[in-house]
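Chains as they are written, first to last, in UniProt numbering: chain A, 1 to 454; chain B, 1 to 454. Using N, Cα and C, we set each Cβ at its ideal position, and we do this for glycine too. Right, one structure below, let's go through it.
2 protein chains.
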Amino acid sequence: MKKITVKNREEFTYYLFLYLKNEDEEKFREEFLELHPTDQNEIFKLMSNEKRKRVYKYVTAREFADIFSGLQHYEQKMVFSELDDSYALEMLNELPADEITDFFSEIPEHISQYLLEKMDKTEADNIKHLLSYKENTAGSLMTTEFVTVLPSQTVSEILERLRMEGTDAETIYYLYVTNDTGKLTGVVSLRELITASLNEKAEKIMKEQIISVSPLADQQEVSKVIKDYDFLAVPVVTSNGKMLGIVTVDDILDVIEEETSEEIGEISAVKGALDLEVSSMEATKKRLPWLILLLFIGMFTAGLISSFEATIAEVAMLAVFIPLIADMAGNTGTQSLAVVVRGLALDKFDRTKVFRLLKRESFTGLMMGIICGILVSIIALLIPQGNVILGLIIGTSLFVTILFSTVSGTVIPLIVHKFKIDPAVASGPFITTINDIIGLLTYFSIATALLHYL
Amino acid sequence: MKKITVKNREEFTYYLFLYLKNEDEEKFREEFLELHPTDQNEIFKLMSNEKRKRVYKYVTAREFADIFSGLQHYEQKMVFSELDDSYALEMLNELPADEITDFFSEIPEHISQYLLEKMDKTEADNIKHLLSYKENTAGSLMTTEFVTVLPSQTVSEILERLRMEGTDAETIYYLYVTNDTGKLTGVVSLRELITASLNEKAEKIMKEQIISVSPLADQQEVSKVIKDYDFLAVPVVTSNGKMLGIVTVDDILDVIEEETSEEIGEISAVKGALDLEVSSMEATKKRLPWLILLLFIGMFTAGLISSFEATIAEVAMLAVFIPLIADMAGNTGTQSLAVVVRGLALDKFDRTKVFRLLKRESFTGLMMGIICGILVSIIALLIPQGNVILGLIIGTSLFVTILFSTVSGTVIPLIVHKFKIDPAVASGPFITTINDIIGLLTYFSIATALLHYL
Chain A
1 MKKITVKNRE
11 EFTYYLFLYL
21 KNEDEEKFRE
31 EFLELHPTDQ
41 NEIFKLMSNE
51 KRKRVYKYVT
61 AREFADIFSG
71 LQHYEQKMVF
81 SELDDSYALE
91 MLNELPADEI
101 TDFFSEIPEH
111 ISQYLLEKMD
121 KTEADNIKHL
131 LSYKENTAGS
141 LMTTEFVTVL
151 PSQTVSEILE
161 RLRMEGTDAE
171 TIYYLYVTND
181 TGKLTGVVSL
191 RELITASLNE
201 KAEKIMKEQI
211 ISVSPLADQQ
221 EVSKVIKDYD
231 FLAVPVVTSN
241 GKMLGIVTVD
251 DILDVIEEET
261 SEEIGEISAV
271 KGALDLEVSS
281 MEATKKRLPW
291 LILLLFIGMF
301 TAGLISSFEA
311 TIAEVAMLAV
321 FIPLIADMAG
331 NTGTQSLAVV
341 VRGLALDKFD
351 RTKVFRLLKR
361 ESFTGLMMGI
371 ICGILVSIIA
381 LLIPQGNVIL
391 GLIIGTSLFV
401 TILFSTVSGT
411 VIPLIVHKFK
421 IDPAVASGPF
431 ITTINDIIGL
441 LTYFSIATAL
451 LHYL
Chain B
1 MKKITVKNRE
11 EFTYYLFLYL
21 KNEDEEKFRE
31 EFLELHPTDQ
41 NEIFKLMSNE
51 KRKRVYKYVT
61 AREFADIFSG
71 LQHYEQKMVF
81 SELDDSYALE
91 MLNELPADEI
101 TDFFSEIPEH
111 ISQYLLEKMD
121 KTEADNIKHL
131 LSYKENTAGS
141 LMTTEFVTVL
151 PSQTVSEILE
161 RLRMEGTDAE
171 TIYYLYVTND
181 TGKLTGVVSL
191 RELITASLNE
201 KAEKIMKEQI
211 ISVSPLADQQ
221 EVSKVIKDYD
231 FLAVPVVTSN
241 GKMLGIVTVD
251 DILDVIEEET
261 SEEIGEISAV
271 KGALDLEVSS
281 MEATKKRLPW
291 LILLLFIGMF
301 TAGLISSFEA
311 TIAEVAMLAV
321 FIPLIADMAG
331 NTGTQSLAVV
341 VRGLALDKFD
351 RTKVFRLLKR
361 ESFTGLMMGI
371 ICGILVSIIA
381 LLIPQGNVIL
391 GLIIGTSLFV
401 TILFSTVSGT
411 VIPLIVHKFK
421 IDPAVASGPF
431 ITTINDIIGL
441 LTYFSIATAL
451 LHYL
């Protein structure tokens, strides 16, 4: 396995492309197959249609499976359409069940149905079962390739079996002890197996109290278990104790990445449009609807202000502080939103915690509101056209704005989460707009009331 | 190892607390020590001062090490101050070097110096060495407890050694083949070792091309290597090939969490204040400075508008669209910012990519600007006091605002990243303010120029 560094990547790529061009199959295979799959993958992605076709010829379906499994879904779809049926099927047979399932859930159903019919029956049944789980659950993440041992097997028997048979399992670092009905009764880590004496039985060294997840558990919960317990894999077990599969830590790393993008999308209203690789047409198509929606929501704020047009016509100075109120509403609300979104992602919430958080955020908003309110009043006194009344108006409004924004930035995402509404409703810009309206309403109401003192 | 679920946690806690209260050491030890350290930890955190003191008496320093290592830094500091010297030192000796280092970098230097003098000399030297690495580098993350084997050792010799000696190593799933000068020459995974024939030599089955990181590598780079290659650990190696330690995947899970909080902090100006557990006083202390800073920056925008007071006094209607322009500036800028921040986190950037992204975002901004600009012009025509000129003013301004905001939301974080300026400068609110200023400046400039047509 050769290592590619940033420095020599271009060189590697250059030579590999040259071999392809010269149709030097032997040289290509020799150099290419020695690379780590991740590097093979990176180089494969740079290839033209023609070069890719040559790769399918030079590299066996079995060898190609590793490359395929590292591609993004949209790349997989493109590549898959270039493969002939028998090559594609042979390659699929090499892939772990969870990856096939992942891929199948992305392609049209008639194609996946067709492939399932052509595939090995046991494997096909397996995948059909996995496909029946909802996206983002432990069931859809798990792989069914794991190692089981019997309670009565000894350490040396197990080691001998692993040595002789090898294994297709995704990890052999945990061995799952199941009885004849498939019920999970214990777990032995390979570490424990290696350090146990050779004639010890599995049932003697296994841990009997097993930390597992249900196939219906949300991926966030699975990720939390693996992170909290520093596991390399967690077993997926039905309510009656039957073991279905395992979710491994490398799958969780991908889950975490996905969830982070979701969190950030939530705060910044770019849900599902964080990809760097899409065209500007694609990016526009994903982001523009949000902007248009926000534009219409923004018209509400405009409508609100227009009802105070008479006030503004009398004291134009008042318009000066509109962006200040609006921006502070946005800033404070987003701070609270970020706290809650991050908190929900780390799954730290029960009733007591929600209550404690609400209390904390309210007090925080109160203190920040008082201090910023006083500060801005003083500034309003000091500026050229400033006076006490202006200070009072803007100070009070800012206080209300900050207090309200902190609370709404906390409560709205919590409600959305609790009632499983689309989290986008709680995204930054929406909360900002609500806070804007409250802030500006307060501002202009007080201003209109005190107009003849200004 | 017993499993605690949400359902039985309270019951477990109740009984354990009862045993402590009744000073029933035997019962407490029996039940408590059978729990997974993560669960021991959760229950320990709920204990009063008095109960904790009893735990230190009932549980040996060796056993307590696991609990200690799962605590947050601030909890570790509190607990540590409650331990007597010999217990504390014995416990430290049980902890992996990377965790001691982590803890020592959080406590006053005179205390860590004192402890280092009292500790076992080899371990102390080890930790001094680790402490010399800058925070967030591979060197500061790594642990020095790993398994090395000699090239000439056979599979059965290595297995025998692991079985006899056991090991304190953080992972035994990779065995590192080093020659007599400590130079890393190969890696054997335990999986390969298990499936190899017993009399094979390590040098025969090892992978010679090793993917490693430098001790100075940023934690983000380390995390990327582990994620991309699906590793359980990566060796940390000096430029002359000497192996210093390993970084394991569970450390990386913590790194990713930390980096995510940073990303979100960047977008929402709550840097370092996302913790749910702090008091409102603490939260205010961390978040208020940002708000005050943003308040002062907001005064610039106010100042800018005040220079157009005469225009507003003449056509009060113009004030109505101030929040719309300001909010759209914020929304568009934040979308681009989120794309870049996420992209930088996943480390996908070289010169070509930066250029491509800039081009894409500019086009995206152009298209979104044109469409939103036309839309808002039409709306401005349709509202009661609307007319063509107002439509022209607001449409053009919104177009400029969206185009500029998309570009600035892309360029500013990239510049900040490139020149390693504090990323907070590129946070959402700061970019929003700049975009506000440009948007409103355009709006009022055009409005002032076309004033006598309105």
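### Query
CB-CB under 6 Å to residue 94/A, same chain, minus the five flanking residues each way: which ones, in chain order?
62 and 65
### Query
Quick one: is residue 11/B buried, meaning 16 or more other Cβ sit within 10 Å of its Cβ, or exposed?
exposed
### Message
Quick check on residue 169/A: does DSSP put it in helix, strand or coil?
### Response
coil
### Query
Any residues in the region 27 to 40 of chain B with a beta carbon nearer than 7 Å to a beta carbon of chain A? Which ones, in chain order?
36 and 38
### chain B contacts from the region 95 to 122 of chain A (Cβ-Cβ distance under 7 Å)
none
### Query
What separation, rounded to the nearest whole angstrom, lies between the Cα atoms of residue 97/A and residue 124/A?
9 Å
### Query
Going along the chain, which unbroken runs of the alpha helix (DSSP H) with 4 or more residues stay wholly within the region 229 to 306 of chain B?
249 to 268 and 280 to 306
### Query
For residue 148/A, which option in 238/A, 249/A and 177/A has the closest C-alpha, if you only look at C-alpha atoms?
177/A
### Task
With 9 Å as the limit, tell me which residues of the region 352 to 375 of chain A have their beta carbon closer than that to any beta carbon of chain B; keep them in chain order.
353, 356, 357, 359, 360, 361, 362, 363, 364, 365, 366, 367, 368, 371, 372 and 375
### Query
Would you say residue 284/A and residue 367/B are within 8 Å of each other, going by their C-beta atoms?
yes
### Task
Confirm, please, whether the CB-CB distance from residue 246/B to residue 171/B is below 8 Å.
yes
### Task
Provide the residue(s) that pair with residue 187/B in DSSP beta bridges, ordered along the chain.
176/B and 207/B
### Query
By Cβ distance, which residues of its chain are closer than 8 Å to residue 267/B, with the 5 residues on each side in sequence left out?
334, 337, 338, 341, 427 and 428
### Message
So if DSSP puts residue 149/B in a beta bridge, which residue, or which two residues, is it bridged to?
### Response
177/B
### Task
Could you tell me which chain B residues have their CB closer than 8 Å to the CB of residue 263/A, listed as they occur along the chain?
260 and 264
### Query
For residue 154/B, which beta-bridge partners are listed by DSSP?
201/B
### Query
Where DSSP assigns a beta bridge to residue 143/A, which residues make up the other side?
246/A
### Proximity test, Cβ basis, 8 Å: residue 335/A and chain B
yes
### Message
If I follow the unbroken alpha helix (DSSP H) through residue 94/A, where does it start and stop?
### Response
85 to 94
### Query
Does the beta carbon of residue 292/B sit closer than 8 Å to a beta carbon anywhere in chain A?
yes
### Where residue 411/A falls: helix, strand or coil (DSSP)
helix
### Task
State yes or no: is the beta carbon of residue 438/B nearer than 8 Å to at least one beta carbon in chain A?
no
### Query
Are the C-beta atoms of residue 214/A and some chain B residue less than 8 Å apart?
no
#### Entry: residue 296/B classed as buried or exposed, judged by whether at least 16 other C-beta atoms fall within 10 angstroms
exposed
### Message
Let's test the definition: count the other Cβ atoms within 10 Å of the Cβ of residue 442/A and tell me whether it reaches 16, buried, or not, exposed.
### Response
buried
### Query
Exposed or buried, what is residue 168/B when buried is set at 16 or more other beta-carbons lying within 10 Å of its beta-carbon?
exposed
### Query
Of the residues 101/B, 29/B and 302/B, which one's Cα is nearest the Cα of residue 58/B?
29/B
### Query
Just checking, does the region 129 to 140 of chain A make contact with the region 154 to 167 of chain A on the three C-beta pairs under 8 Å criterion?
no
### Message
Any beta carbon from chain B within less than 8 Å of residue 459/A's own beta carbon?
### Response
Because chain A is modelled from 1 through 454, residue 459/A falls outside the range shown and cannot be assessed.
### Task
Could you work out which residue in 78/A, 86/A, 187/A and 84/A is closest to residue 103/A when comparing CA atoms only?
78/A
### Query
By the criterion of Cβ-Cβ separation under 7 Å, what are the contact partners of residue 229/A in chain B?
36 and 38
### Query
Who are the neighbours of residue 56/B on chain A, taking C-beta pairs under 9 Å?
Near residue 56/B there are no residues of chain A at all, since even the closest Cβ is about 24 Å away, more than 9 Å.
### Task
Can you grab the Cα-Cα spacing for the pair residue 153/B / residue 183/B, in whole Å?
16 Å
### Query
Within 10 angstroms of its Cβ, does residue 137/A collect 16 or more other Cβ (buried), or is it exposed?
buried
### Task
Closer than 9 Å by beta-carbon distance: list the chain B residues that pair up with residue 447/A, in chain order.
Going along chain B, no residue has its Cβ under 9 Å from residue 447/A, so there is no contact; the nearest lies around 12 Å.
### Close-in-space but distant-in-sequence residues of the same chain around residue 400/B (CB under 8 Å, 5 per side omitted)
369, 438, 439 and 442
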